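Below: one structure, written as structure tokens.
In this note's numbering, the protein residues as written are -18 to 138.
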């Protein structure tokens, strides 16, 4: 088993299958030594959105549960990255950037803390290769009423 997948296992996670796109886009795009991963929702290992990961943070979803959802988004980003490059240990040089979209209730502005769920997981799994630049924004709606969506850009071999 690869070191990256072993770290996921130690953290209590399994890399899910890469989700198929639900509209007219590709799940990832490779250009030279960059892979851009389209926004990934917080699907669980079963490919479904947990009811707890639907809605607006600051209303029916707590910041703690939204942070958990961001971790699931990061797992799905990694699943797409693996689909793009194969072996995460050998092919991934670094996570360049993550972008987070947080489905927020009016007045909720603590979006950075929610996005830390994805950022922290990326660093826990990839080590220094997981340190990245980041943007996080609160939005009015997300597909399927998901509470979080995360996209990524990676340098690869």
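Where is the CB? At the ideal position from N, CA and C, for every residue including glycine.
Note that the structure is a prediction, hence the values are computed from the model and not measured.
Residue environment, residue i, which counts as buried when at least 16 other CB atoms sit within 10 Å
i	result
residue 68	exposed
residue 106	buried
residue 132	buried
residue 37	buried
residue 5	exposed
residue -8	exposed
residue 108	exposed
residue 152	Nothing about residue 152 can be reported from this structure: the residues present for the chain run from -18 to 138 only.
residue 127	buried
residue 114	exposed
residue 111	buried
Neighbourhood of residue i by C-beta, 6 Å cutoff - its chain only, sequence neighbours within 5 removed
i	result
residue 140	Any property of residue 140 remains undetermined from this structure, which presents the chain solely from -18 to 138.
residue 54	21, 23, 99, 129, 131
residue 10	17
residue 61	-1, 8, 9, 18
Three-state class that DSSP yields for residue i in the structure shown
i	result
residue 37	coil
residue 133	strand
residue 119	strand
residue 17	strand
residue -4	coil
residue 43	coil
residue -16	helix
residue 91	coil
residue 4	coil
residue 11	strand
Identity of the residue in the options nearest residue i by Cα
i	options	result
residue 88	118, -13, 55	118
residue 16	110, 85, 76, -16	76
residue -2	40, 79, 63	63
residue 43	74, 10, 83, 56	83
residue 94	78, 10, 116	116
residue 101	86, 122, 56	56
residue 33	134, 46, 110, 10	46
residue 120	-11, 28, 39	39
residue 122	35, 112, 60, 103	35
residue 81	41, 18, 65	18
Sequence-distant residues of its chain with Cβ nearer than 8 Å to residue i (five each side left out)
i	result
residue 97	48, 51
residue 14	74, 136, 137, 138
7 Å Cβ shell around residue i - same chain, five flanking residues per side excluded
i	result
residue -17	68, 69, 70
residue 30	22, 23, 24, 125, 127
Output the residue ranges of the alpha helix (DSSP H) runs that lie fully inside the stretch 51 to 83 and measure 4 residues or longer, sorted by chain position.
69 to 72
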